[in-house]
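Reminder that position 64 of the sequence shown reads as 100 in the numbering used here, one-by-one numbering, no gaps. Ideal placement from N, C-alpha and C gives every residue a C-beta, glycine not left out.
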Amino acid sequence: MSGILYVVPTPIGNLGDISARALEVLAEVDLIAAEDTRHSRKLLNHFGIQTKAISLHAHNENQRSEQLIGYLANDQSLALISDAGTPLISDPGYPLVTAVRAAGYKVVPLPGPCAAITALSAAGLATDRFCFEGFLPAKTVGRTERLQALASETRTMVFYESPRRVLDTLASVGEVLGSARKVVVAKEITKRFETFIEGTAQDVITWFKAEPERQQGEMVIMVDGAPKDQDADFEQALALAMKLQPLMPPKQAAGIAAETFNGKKNAIYKAMMAD
37 MSGILYVVPT
47 PIGNLGDISA
57 RALEVLAEVD
67 LIAAEDTRHS
77 RKLLNHFGIQ
87 TKAISLHAHN
97 ENQRSEQLIG
107 YLANDQSLAL
117 ISDAGTPLIS
127 DPGYPLVTAV
137 RAAGYKVVPL
147 PGPCAAITAL
157 SAAGLATDRF
167 CFEGFLPAKT
177 VGRTERLQAL
187 ASETRTMVFY
197 ESPRRVLDTL
207 ASVGEVLGSA
217 RKVVVAKEIT
227 KRFETFIEGT
237 AQDVITWFKA
247 EPERQQGEMV
257 IMVDGAPKDQ
267 DADFEQALAL
277 AMKLQPLMPP
287 KQAAGIAAET
297 FNGKKNAIYK
307 AMMAD
């Protein structure tokens with residue numbers, strides 16, 4: 037394990053979600069870099085892990101990276117953990133991982149808990165294509181601008197949000213992305229009061245306002261993508277079929293184009309023959 041940085045996910049609520057491999061790595065490395073050592077020590081003590089931990093957070097990670105690379109240079113092994121979930125996913129660690137790789141040392145990622153993926157898997161929204169946007173800007177102007185840039189995004193969008201900003205964010209989603217857009221909010225994932233709320237942005241706002249205590253816990257907001265422009269897809273499919281036509285029979289070209297753009301073979305073939 038010498039000279040290796042392990043990226044180790046930790047539970048997002050239920051301690052039973054930590055993997056056996058994660059526990060083994062945390063117990064065997066020489067040092068753990070933790071977002072909050074006091075928070076992480078509770079987790080480590082629960083599993084009887086005595087490995088020394090030092091802090092690595094948003095305010096010190098650039099300076100701390102040089103120190104940690106020094107440990108690797110001395111053939112020591114490190115583990116990187118955040119307060120919950122997978123490090124670097126809206127959590128500290130990016131400067132460290134980048135610096136470690138640039139210095140020529142190995143970075144080994146472990147699979148494990150991630151709030152975005154866990155929430156999305158049960159949301160009932162499209163998962164074949166999605167984008168993770170992390171936290172939206174706290175100020176209204178910045179949040180509006182970011183959402184405007186995503187207005188035509190056809191993939192499911194996944195955001196993190198804090199309890200104190202969830203209502204403002206949902207209001208912005210409704211205003212910018214449209215009042216009819218489907219929204220699913222997951223809160224307290226893997227915990228006792230895990231809840232999924234779905235509907236329009238206003239529906240979800242109404243649910244939260246009904247009981248103030250509902251506005252507690254970390255949130256994952258998922259928004260249905262914008263409707264696809266079927267005309268644009270058809271034009272792209274037809275263009276591909278026309279490019280393929282000199283190389284193969286028209287029906288075969290139409291079939292490939294239809295499969296590529298999820299279109300209708302007969303409609304594409306008919307348009308090819310009309311040109």
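Presumed contact (8 Å Cβ cut-off) between residue i and residue j, rounded CB distance
i: Ala-89; j: Ile-68; result: 4 Å
i: Phe-195; j: Ile-257; result: 4 Å
i: Pro-286; j: Met-309; result: 7 Å
i: Pro-149; j: Asp-53; result: 5 Å
i: Met-193; j: Gly-261; result: 7 Å
i: Arg-57; j: Leu-146; result: 6 Å
i: Leu-274; j: Ala-307; result: 5 Å
Beta-carbon gap between residue i and residue j smaller than 9 Å
i: Cys-167; j: Arg-191; result: yes
i: Leu-59; j: Leu-92; result: no
i: Ala-187; j: Leu-213; result: yes
i: Ile-117; j: Ala-159; result: no
i: Asp-204; j: Val-219; result: no
i: Ala-293; j: Asn-302; result: no
i: Leu-183; j: Ser-215; result: no
i: Gln-251; j: Arg-179; result: no
i: Glu-197; j: Phe-171; result: yes
i: Leu-114; j: Val-65; result: yes
i: Ile-153; j: Leu-206; result: no
i: Glu-97; j: Gly-129; result: yes
i: Arg-217; j: Ala-237; result: yes
Given residue i as reference, the closest of the options once Cα atoms are compared
i: Leu-62; options: His-75, Val-44, Asp-53, Ile-48; result: Val-44
i: Ala-135; options: Ser-101, Leu-161, Asp-204; result: Ser-101
i: Gly-49; options: Asp-111, Val-143, Lys-78; result: Lys-78
i: Ile-225; options: Gln-86, Pro-128, Leu-51; result: Leu-51
i: Pro-47; options: Ser-38, Ile-125, Asp-119; result: Asp-119
i: Gly-39; options: Leu-124, Ala-222, Ala-139; result: Ala-139
i: Gly-393; options: Met-193, Lys-223, Glu-181; result: Since the first and last residues shown for the chain are 37 and 311, residue 393 lies out of range.
i: Ser-55; options: Phe-83, Ala-109, His-75; result: Phe-83
i: Leu-108; options: Tyr-42, Ala-237, Leu-80, Glu-189; result: Tyr-42
i: Pro-248; options: Lys-300, Thr-163, Gln-272, Val-202; result: Val-202
i: His-95; options: Gln-288, Asp-127, Gln-272; result: Asp-127
i: Asp-111; options: Arg-165, Lys-142, Ser-76; result: Lys-142
i: Val-259; options: Gln-99, Arg-74, Arg-165; result: Arg-165
i: Val-18; options: Gln-99, Leu-161, Gln-103; result: With the chain covering only 37 through 311, there is no way to say anything about residue 18.
Own chain residues within Cβ distance below 7 Å of residue i, not counting five before or after
i: Met-37; result: Glu-64, Val-65, Ser-113
i: Gln-272; result: Phe-297
i: Pro-173; result: Arg-179, Arg-182
i: Tyr-305; result: Pro-286, Lys-287, Ala-290
i: Lys-300; result: Ala-294
8 Å CB neighbourhood of residue i in its chain, flanking five on each side removed
i: Asn-298; result: Asp-269
i: Leu-80; result: Leu-62, Ile-68, Gln-86, Thr-87, Ala-89
i: Ser-76; result: Thr-46, Ile-68, Ala-70, Ala-89, Ile-117, Asp-119
i: Thr-163; result: Leu-156, Ser-157, Thr-192
i: Trp-243; result: Ile-233, Gly-235, Arg-250
Proximal residues to residue i (C-beta, below 6 Å), its chain only, five neighbours per side dropped
i: Val-144; result: Ile-40, Tyr-42
i: Ala-151; result: Ile-48, Gly-121, Ile-225, Val-256
i: Lys-264; result: Thr-190
Within-9 Å CB hit, residue i to chain C
i: Lys-301; result: Of the protein chains in this structure there is only one, and it is not chain C.
Are the stretch 267-286 and the stretch 225-232 touching, with three or more C-beta to C-beta distances below 8 Å?
Verdict: no, contact absent.
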